[in-house]
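S.K.: Residue numbers for the sequence shown follow the numbering used here, so the first one is 31 and each next one is one higher.
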Amino acid sequence: MVDDSEVIRRLIKVNLELEGFEVVTAADGAECLEVVRRVAPDVVTLDVMMPRLDGLRTAARLRAAWQTAHLPIAIVSACTPADLERGESVGVDGYLAKPFDPADLVELVHRLRAMDRPAAAGSGRRFAYDFGSSAGPASRTPRDFALSEHAQELVPPDEARP
């Protein structure tokens with residue numbers, strides 16, 4: 031779990047530990063890369079705006095290394111549409127907007143852990159946290175989606191929101 035805000039790191043850590051997850055934190059992308067090599071986590075969540083190495087460049091480096099290319103990655107941040115597009119282009123698997131409901135965070139991590147990343151890479155994009163409908167999210171770009179107020183998920187603008 032990577033975020034430059036100590037308060038956010040503590041909030042996420044407490045909520046995930048209450049659900050039985052072991053959580054390791056880092057304050058920026060550079061520290062994340064070091065921690066990932068040492069710990070070999072099941073999932074990585076990244077803030078976008080961080081010093082030294084931002085979340086999207088960190089995700090790109092994780093995807094580029096064969097040792098971590100399979101690792102499920104989610105952005106947990108207040109992002110712009112351009113950030114979402116860049117996240118999708120580097121292979122981010124999910125997105126949760128800040129501020130978020132802790133239950134949505136827990137659901138995101140469960141979905142990421144359940145992903146079969148290598149299989150997903152060969153069969154088109156599959157997002158852990160619903161970047162679109164089952165009618166072809168791979169053909170859409172993040173700018174085709176609007177943020178849902180309820181579940182913090184991205185849905186096409188022509189679909190009903192929960």
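C-beta: ideal position from N, C-alpha, C; glycine also.
#1: Look at the alpha carbon of THR88 and the alpha carbon of GLY121, and state the distance between them as a whole number of angstroms.
#2: Specify the secondary structure class of THR88 as computed by DSSP and reduced to three states.
#3: Can you grab the Cα-Cα spacing for the pair ALA57 / GLY124, in whole Å?
#4: Is VAL136 helix, strand or coil by DSSP?
#5: Hey, how far is the Cα of VAL136 from the Cα of ASN45?
#6: Counting pairs of Cβ atoms below 8 Å between the stretch 59-72 and the stretch 105-117, do you hit three or more?
#7: If VAL69 and VAL54 are in contact, beta carbons under 8 Å, what's the gap, nearest whole angstrom?
#8: Our contact map puts GLY85 next to LEU92 with C-beta atoms below 8 Å; I'd like the distance itself, whole angstroms only.
#9: What are the partner residues of GLY59, as DSSP defines its beta bridges?
#10: When DSSP labels each residue in this structure, what does VAL44 get in the three-state scheme?
M.R.: Here's the rundown:
#1: 11 Å
#2: helix
#3: 20 Å
#4: helix
#5: 8 Å
#6: no
#7: 5 Å
#8: That belief does not hold up - the Cβ atoms of GLY85 and LEU92 are roughly 10 Å apart, past 8 Å.
#9: Answer is none; GLY59 lacks a bridge partner.
#10: helix
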